[in-house]
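Chains as they are written, first to last, in the numbering used here: chain A, 6 to 499; chain B, 190 to 514.
Note that beta-carbon positions come from the ideal geometry of N, C-alpha and C, so glycine has one too.
Fair warning: this is a prediction, and the values are worked out from it, not measured in the lab.
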């Protein structure tokens with residue numbers, strides 16, 4: 006048994022886990038459930054020694070457990086399968102399975118390929134995977150590559166295997182195959198911890214459900230007696246029900262002109278054809294599985310992805326940005342989904358990130374420092390960015406405040422339209438509520454917002470109009486003002 | 190707003206900006222070198238030698254200023270030595286007919302070299318390391334093809350009067366380099382272009398998605414680098430009063446060393462002109478001082494390399510780096 010007691014963990018100013026106690030037993034699948042930022046992944050990663058926890062104790066089969074590295078955790082019998090795919094496609098299947106223990110296959114200083122392949126195949130067979138070590142790695146689908154990662158975790162012969170959102174990038178068929186593998190592990194007396202955003206998977210596979218909320222333990226429940234609606238209540242918590250979302254905006258008066266329109270738009274990454282009108286002054290939310298079309302629609306509007314056919318219109322005029330610069334110049338601003346990789350440069354001072362899009366200049370072409378400071382101060386005040394100085398490093402901020410900096414960068418250009426990609430991913434609840442309120446305020450001032458989000462509660466709670474995408478096309482468009490249930494939305498995603 | 194600003198969360202952010210050993214290291218190293226050489230040689234700390242050091246460092250300084258832009262942009266230019274040589278050749282070849290106006294072809298040649306580098310890099314999408322490794326050989330090849338290995342000497346009195354003499358005791362080359370320094374410092378620190386260069390180096394994808402014309406910035410950086418190297422070529426030609434096939438060979442290594450010792454990391458996004466000036470002085474004084482104390486010339490390269498590695502070893506912020514390439 007792996008027992009965690011009173012585990013706490015903070016990242017900078019934000020508290021990710023506070024006093025969580027959980028037990029994992031062999032031969033049991035435990036799912037950790039909770040909203041974004043509830044601390045599920047943080048708990049698994051801490052236990053697998055991706056980073057250390059701050060306070061609390063853990064015992065493994067009664068002995069003290071405090072690994073300092075992934076390798077040490079593995080050696081103690083705890084292995085983690087990450088959310089992202091970590092398969093190296095330039096290596097063979099067998100090498101990928103045994104990555105990290107290739108040294109144990111040395112014979113006269115060379116690799117003993119025969120033994121390596123045999124051992125890798127044995128693990129793949131144990132998982133009933135149907136994958137041959139001789140297979141060309143480029144012929145495998147994402148699900149099979151994920152299973153190779155599971156096999157890699159098993160190569161250390163662990164007692165406990167953790168799955169952190171391992172089905173996130175898989176389609177239905179691939180995910181089912183991975184769930185079968187997990188059942189197999191349970192039968193072989195491994196302890197499994199499972200994190201997934203898909204509650205159907207969670208119910209499908211779990212023996213026990215551990216519910217987390219805002220980094221704290223809500224409780225541990227038998228999966229058998231649990232209903233989906235009850236689980237939702239536990240995850241969201243009564244006190245937040247509807248609380249973090251601003252009141253719905255008043256229904257549109259008469260016919261609202263479309264600020265942005267897609268007409269049979271097809272893009273290079275396989276989007277479309279899609280047609281959609283985004284009415285001026287409204288928040289249109291696009292839901293859907295990752296990669297199902299929403300991201301590509303935003304990329305097309307901001308000019309980061311070429312449109313192959315069809316027309317976009319902005320403010321009634323045909324609109325075809327050659328690069329993001331074109332789009333910004335016409336009054337479109339973009340909050341990307343990857344905050345530190347696409348939204349801002351963490352090493353830069355806050356002021357420089359806030360002015361990166363507007364770049365105020367004097368008549369002589371020099372940087373207008375005065376205007377830059379004024380813009381930065383205005384955004385820090387308006388968005389309530391918690392910092393002592395505008396020239397502090399952006400990396401010193403919490404996730405929520407960094408996200409506000411990205412928003413500030415956009416608002417500094419006084420855009421007509423705002424594109425948001427998962428605007429509150431990894432943002433704490435308080436900042437979330439502030440961002441939602443701001444969105445409503447902005448549309449009240451006439452701005453148009455197109456938001457893509459994987460967070461169903463956010464989609465339903467904030468959007469004036471909800472659109473669902475599936476495999477590069479729009480599968481459903483709810484009536485303006487409609488507030489469907491999560492199930493109704495999910496139905497159109499699958 | 191006021192109550193927000195008082196949160197203790199960011200108290201450490203202010204402390205972080207105090208100059209630490211990392212920021213002070215270049216100037217401490219420079220001071221240490223001066224003390225050491227002054228103790229070992231009584232000729233080191235003289236006005237005459239000071240002028241010699243300045244004169245010796247002009248080419249390096251102008252080229253290193255150019256390289257600072259390239260490195261802060263997250264790129265590298267290995268062709269600076271060859272560009273300097275080709276520009277020096279243009280100056281020497283034109284000096285007979287154009288006199289002091291030979292600066293025009295010299296700078297234009299540098300501009301063209303930078304334009305080719307930048308176009309291949311920004312629009313051809315070839316990594317700058319590869320592009321400039323290629324043009325390093327090509328530009329040097331053009332010099333060899335033209336000179337056939339024979340030096341092109343400069344005898345035009347007008348040219349030498351402007352670029353190789355002194356006013357008020359100061360060599361003109363030093364004055365020209367100082368003007369270049371002032372212009373570059375303004376461009377780097379005070380223009381929107383300078384900001385954009387930092388942004389592209391700090392996070393190209395962020396810059397692109399924020400509406401910065403990334404390709405144009407990249408092209409601009411290499412054009413600026415080439416043009417400055419054209420000026421450096423002119424100074425080099427004036428100092429040696431000739432262009433030879435071997436001129437400025439390996440200069441790129443000293444240039445990169447000067448920028449890095451000055452505290453500009455090769456990862457891009459961060460850098461200071463002041464640091465580069467210090468780095469140039471460190472490299473120049475190290476070379477000059479080792480000669481002054483009569484160190485075995487065959488030992489000097491080893492010391493220079495060791496100083497470069499030691500400087501980076503002592504100043505790099507390891508806590509922020511996960512993967513070292």
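Item	Value
Where the alpha helix (DSSP H) through residue 301 of chain B begins and ends	292-311
Of the listed residues A:122, A:188, A:322, A:475, nearest to residue 496 of chain A (C-alpha basis)	A:475
DSSP-derived helix/strand/coil call for residue 498 of chain B	helix
According to DSSP, residues forming a beta bridge with residue 481 of chain A	A:473
Min CB distance residue 453 of chain B to chain A below 7 Å	no
Proximal chain A residues relative to residue 362 of chain B, where beta-carbon distance stays under 8 Å	Those do not exist, as residue 362 of chain B stays about 28 Å from chain A at its closest Cβ, beyond 8 Å.
Neighbour-count burial assignment, residue 300 of chain A, 16 or more Cβ in a 10 Å radius	buried
Reference residue 455 of chain A; option with closest CA among A:273, A:283, A:79	A:283
Coarse secondary structure for residue 415 of chain B, derived from DSSP in three states	helix
Contacting residues, own chain, Cβ-Cβ under 8 Å from residue 197 of chain B (five flanking each side not counted)	Residue confidence is low: residue 197 of chain B scores 34 on pLDDT, short of 50, so the model does not pin down where it sits. No coordinate-derived value is stated.
Ordered list of alpha helix (DSSP H) runs contained in the stretch 333-420 of chain A, each at least 4 residues	355-359, 374-387, 404-416
Interface partners of residue 402 of chain B on chain A, CB under 8 Å	328, 330
Bridge-paired residues (DSSP) for residue 213 of chain A	A:35, A:227
Backbone secondary structure at residue 198 of chain A - three-state DSSP	strand
Option nearest residue 240 of chain B by Cα separation, candidates B:435, B:358, B:290	B:358
Local Cβ density within 10 Å of residue 246 of chain A, reported as buried at 16 or more and exposed below that	In this prediction, residue 246 of chain A scores a pLDDT of 48, lower than 50, which makes its location untrustworthy; the coordinate-derived value is nonetheless stated afterwards. The residue is exposed, with fewer than 16 neighbouring Cβ atoms inside 10 Å.
Minimum Cβ-Cβ distance from residue 370 of chain B to chain A less than 7 Å	no
Any C-beta of chain A under 7 Å from that of residue 504 of chain B	no
Residue 184 of chain A vs residue 38 of chain A beta-carbon contact at 7 Å	no
Residues of the stretch 330-354 of chain A with Cβ closer than 8 Å to any Cβ of chain B, in chain order	330, 332, 333, 334, 339, 341, 346, 347, 348, 349, 350, 352, 353
N-terminal and C-terminal residue of the beta strand (DSSP E) that residue 284 of chain A is part of	279-284
Start-to-end residues for the beta strand (DSSP E) that takes in residue 288 of chain A	288-292
Residue 346 of chain A versus B:460, B:434, B:394, B:461, residue with shortest Cα-Cα distance	B:394
Partners in chain A for residue 380 of chain B, counting only beta-carbon separations shorter than 7 Å	370, 371, 372
Sequence-distant residues of its chain with Cβ nearer than 8 Å to residue 452 of chain A (five each side left out)	286, 420, 421, 422, 423
Inter-residue spacing [alpha-carbon to alpha-carbon] between residue 153 of chain A and residue 377 of chain A	51 Å
Residue interval of the alpha helix (DSSP H) (run including residue 480 of chain B)	462-481
Close Cβ partners of residue 243 of chain B (< 6 Å) along its chain, the five nearest in sequence each way excluded	363
Min CB distance residue 387 of chain A to chain B below 7 Å	no
Residue 12 of chain A - containing beta strand (DSSP E), residue span	7-16
Closer than 7 Å at the beta carbon, the chain A residues around residue 264 of chain B	Those do not exist, as residue 264 of chain B stays about 17 Å from chain A at its closest Cβ, beyond 7 Å.
Local conformation of residue 321 of chain A per DSSP, three classes	coil
Neighbour flag for residue 160 of chain A against chain B, beta carbons, 7 Å	no
For residue 144 of chain A, the three-state DSSP class (helix, strand or coil)	helix
Pair within 7 Å by beta-carbon distance, residue 276 of chain B and residue 325 of chain B	no
Residue nearest to residue 463 of chain A in terms of C-alpha spacing, selected from A:484, A:479, A:432	A:432
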